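To start, the structure itself, in structure tokens.
Put into structure tokens, the structure is as follows:
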């Protein structure tokens, strides 16, 4: 799902009510690949945000927050 002008209060452990221009969430791997393809290599700001426990927002985020809602991620292939 893609949302616009979203409060990040519930996405950071400090509970700061900052906003993001866009928020992309997904639960399926194929949706994740679509979101990453759209943003990787573009000149738009983006941030992949997990549970938000190690992130301190000091102001609004001008770009897209990519928030996976998947239970674990598996990497396949050679290192």
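In this note's numbering, the protein residues as written are 275 to 353.
For every residue, glycine included, the Cβ atom is placed at its ideal position computed from N, Cα and C.
Computed from a predicted model, the values in this text were never measured in an experiment.
How big is the Cα-Cα spacing for residue i and residue j?
i           : j           : result
residue 339 : residue 331 : 12 Å
residue 292 : residue 334 : 5 Å
residue 316 : residue 329 : 23 Å
Within 10 angstroms of its Cβ, does residue i collect 16 or more other Cβ (buried), or is it exposed?
i           : result
residue 326 : buried
residue 323 : buried
residue 296 : buried
Does DSSP put residue i in a helix, a strand or coil?
i           : result
residue 307 : helix
residue 288 : coil
residue 312 : helix
Taking only beta-carbon atoms, is residue i less than 7 Å away from chain D?
i           : result
residue 307 : No chain D appears in the structure shown, which is made up of a single protein chain.
Among the options, whose alpha-carbon lies nearest the alpha-carbon of residue i?
i           : options            : result
residue 275 : 307, 283, 300, 285 : 300
residue 344 : 297, 305, 296      : 305
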